[in-house]
Structure formats: structure tokens, C-alpha cells
Amino acid sequence: VSYETLNILSSPFPIIFFLLFFRFPESPYFFLMKGRSAEAQMSLAWFRNLKEDSSELDREMKQISANVEEDMKDKGGFKDLLSNAGARKAMLIAMSLAFFQRLTGMSSILAFSVVTLPPTGGYFSPEVYMLLFGITTIVGQSICVILIDKFGRKPLLIVSTAGCALSTGISGLFYWLNTSTDLTHYNWVPYSCIILFGIMFAIGIGTIPSVICVELFSSDIRSYAASAAAMFYALGSFTTNKLYLYVYLTIGVHYMFLFFTVSSLICLVFTCTVFFETSGKSFTEIQDILKNRGTNDQT
């Protein structure tokens, strides 16, 4: 389709989002930081789907109020992101996941797959496969939303990074063999791998880093942490996109897929050794783990 048609077809979605988002409440943390406790209670009840007079809601409100009161004692800033050992460990985890998310190859695959994929081999053209790739990422993110609290962040990250490494590794092997062997009958391999990558990326490493950034930092410095993470996302995208065409045109695209595979494997090791499970833990429990006190089981 033409760009004009594409823009027309895409325009209803941001309009619908704009209209519906008016009914979406601010977080209870925001209301408490502004001293609007009644609205904070209503907001938490909406998010938890509980009655405003329920005892469970009251307990969580007291805990959130205590956390916000503690956070507001000091006005946060960028320097607080590295102010103590716990904050530094949180930064290491959040920024590493943000950087690795881009190093797995998502930015380059989105940007260059149309010119990288073999011209034939799938049932559709490379352009259509990139549309299918977008659909699979939406499906993967939906799966992540369903499973993230049931199975936890860490297992999904492990499966996701392992799946990304597998798909880019097989793609890299195909492109390497294709330099010296006629693999026309196997042109379906990179097409299949790109769909697998879309699903594997979305169920973990593509979604969870944003969640982790919220869970690891207190409300007074959370916005600064999100800004720092955005810089690491951008740095990772810039690095891979800048390298991709140069490597593709000089020594071969298979080396770029080797880079993506190694990055995913490093992220897998990082997840297994440094990252700890945050699902089902309160903010206080997470901070205890970061400061190496409280529970000894950090998995």
C-alpha cells in the first residue's frame, strides 16, 4: 500500500487511544505525592478491582503511603541513582536489561530485514513478512501480560533470551552457509526464524525491562531511572543499526547475527546470575534484596 493509505489505516488507533485514555486514572503513588489520599484510594481500587472499603485495599494503601512518605523525605535526582549499593545494583540490572534488549537485534531486524531476507522462500514477500512480524510481537506481548505474574519475570526472561539466541543463531548459520552453498530450497529458514524471534523477544526481553524499571526504583527517582533507561535503549539501537549496514556490506550479515546471538546469550547468563525475581514481592522486600539484607533466596 502507499504511505498515504498506510497513514489513513493507522490513524484510528491513536485517536481511539487518545479518547479512551481520558478514563485511565493516575497511579495511587502520584495522588499520594500530591497529598490527594481520597483519589489515591479510588485509583488503587480501580487498578486492583476491589471495593474502596475492603480491608485488603486498606492494608495496601497503608503500605504505599508509608513508602511514599519515606520517598518524599528527600527530593530525588540523578545522583540518587548511584547514591548507595542498592541503588547501584538496581541501576546495573535495569540499564543492562535496557541495553541488552536492543543488542538482541530488534532495531536492526525491524529496519533492515526487508533488504536482508532472501527475495523468495516464504509464501509472501519480505514486506508482508515484516507485517506478520509486527503481529507476532503483539501476540507475544499479550502472552507476556498473561504469564508475567503467574510464572514470574525471571523464567520469562530466560525463555525469551534463549529463544532470541536460537532464532538469530540459526539465521546467522543460514546466511554464513549461503555464502558458499546454494540454499535456495531452504530460503524458508530465515523467514521462520524472524517470526520465532518476534514471539520470543516479545514474551520477555522486549516487555519486562520496562516493568523492572518501575519495580526497582522508589517513586522519587523513578522518572530519572526511566530517563536513563531510555538513553540505554537509544544507545543500543544506535550501536546495532550503525554496525549493521557496515558489517553487511563488508564482511557479511552473518557476523551481525552472530553478534545478536552472543548478546542474547550474555543477557541469558546475566539473567541467571544477577537478576532476581521481583514478582510477588513488595517494594520493601525488593529493596532488602538489593541491599543484601532480608531473604537469602534472591531467585
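First residue of the sequence shown? That's 1 in the numbering used here, and the numbers climb one at a time after it.
For glycine and all other residues, C-beta sits at the position ideal for the given N, C-alpha and C.
Measuring C-alpha to C-alpha distances from Tyr-224 to each of Arg-48, Leu-82, Ile-286, Val-115 identifies Leu-82 as the nearest.
In the DSSP assignment, Met-200 falls within the unbroken alpha helix (DSSP H) covering 188 to 202. Within the same chain, Pro-126, Tyr-129, Met-130, Phe-133, Ile-194 come within 8 Å of Ser-113 by CB-CB distance, once the 5 residues on both sides are set aside.
The closest CA to that of Pro-209, considering only Arg-153, Ala-45, Thr-273, Arg-48, is found on Arg-153. Residues Leu-32 of the same chain have their beta carbon placed closer than 7 Å to that of Ser-65, with the five preceding and five following residues left out of the count. Under the three-state reduction of DSSP output, Glu-26 falls in the coil class, being neither helix nor strand. Membership of Val-211 in the alpha helix (DSSP H) is indicated by the continuous run 208 to 216. In the structure shown, Tyr-175 falls within a helical segment according to DSSP collapsed to helix, strand and coil. Within 10 angstroms of the beta-carbon of Phe-259 lie 16 or more other beta-carbons, which makes it buried. Inter-segment contact for the region 221 to 239 and the region 89 to 105 is present: three or more beta-carbon pairs are separated by less than 8 Å. With distances taken between CA atoms, Gln-141 lies nearest to Phe-197 out of Phe-197, Gly-86, Leu-97. Out of Ser-264, Val-274, Glu-215, Leu-235, the CA that lies nearest to the CA of Gly-280 is found in Glu-215.
Between the alpha carbons of Ser-180 and Tyr-123 lies a gap of roughly 25 Å.
CA-CA distance, Thr-168 to Thr-261, rounds to 6 Å. Shown here, Arg-153 sits in a helix according to DSSP, grouped into three states. Minimum Cα-Cα distance from Met-256 among the listed residues Phe-13, Ile-8, Gly-105, Asn-84 corresponds to Gly-105. Short of 8 Å from the beta carbon of Tyr-248, and not among the five residues preceding or following it, lie these beta carbons of its own chain, in chain order: Phe-112, Thr-116, Met-256. Sequence-distant Cβ neighbours of Ser-237 in its own chain, meaning closer than 6 Å and more than five residues away, are Arg-102, Ser-107. The beta carbon of Ser-160 sits closer than 6 Å to the beta carbons of Met-200, Ile-203, Gly-204, Ile-205 from its chain, once the five residues preceding and following it are set aside; these are given in chain order.
Ranking Arg-48, Leu-44, Ser-55, Pro-118 by CA distance to the CA of Asp-182 puts Pro-118 first. When Ser-37, Met-72, Glu-70 are compared, the shortest CA-CA separation from Leu-57 is found for Ser-37. Taking every protein chain shown into account, the CB of His-185 has fewer than 16 other CB atoms within 10 angstroms, so this residue is exposed. Collapsing the DSSP output to three states places Met-42 in a helix. A distance below 8 Å separates the beta carbons of Ala-94 and Ala-229.
Setting aside the 5 residues that flank it on each side, Trp-176 is surrounded in the same chain by His-254, each with a C-beta closer than 6 Å to its C-beta; the list follows chain order. Nearest C-alpha to Gly-172 among Tyr-191, Ile-158, Pro-155, Leu-157: Tyr-191.
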